[in-house]
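First comes the structure, then the notes that go with it.
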């Protein structure tokens, strides 16, 4: 495994995650929107610049994502009372509930469709479980 392979694998796993989410009827988000939303859930009441610092996105990109998420009622925004130039962002209550239920969806169908062989799909699922156990906090 080299850095290029790791990067491609990471992108592919994100694609599969997105596909599994869409197949389960979840709301479809761009990769940027998903990253911003995840950051907002993990860090409620963050400013746009703080979200940008953590995600590595430009402030303009974060602002665009926040506006789209707000239009879809996935986040709420409010002016920071301490610094009226800043906007504070938090996930809506419905979003928090939906995200907490998100883990209930399996990925077996997506893996089966991609790999094509049920035995190989089970092996991929087992390997992903092992990687998650080893790499996730």
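Numbering (this note's numbering), first residue to last: 7 to 143.
In this text, a Cβ means the ideal position worked out from N, Cα and C, and glycines have one as well.
| Item | Value |
| --- | --- |
| Please report the straight-line C-alpha distance between residue 91 and residue 68, rounded to a whole angstrom. | 16 Å |
| Under 8 Å, with one C-beta from each stretch per pair, do the region 88 to 102 and the region 37 to 52 reach the 3-pair mark? | yes |
| Identify whether residue 18 lies in helix, strand or coil by the three-state DSSP scheme. | helix |
| How about residue 25 and residue 116: do their beta carbons lie closer than 8 Å? | yes |
| Can you give the Cα-Cα distance for residue 64 and residue 113, rounded to whole angstroms? | 32 Å |
| Any idea if residue 58 is buried or exposed, counting beta-carbon neighbours within 10 angstroms, 16 or more meaning buried? | buried |
| The beta strand (DSSP E) that contains residue 40, what's its start and end? | Where residue 40 is concerned, there is no enclosing beta strand (DSSP E), although the alpha helix (DSSP H) it sits in stretches over 37 to 48. |
| In terms of residue numbering, what span does the alpha helix (DSSP H) encompassing residue 64 cover? | Residue 64 -> no alpha helix (DSSP H), and no H or E assigned at all. |
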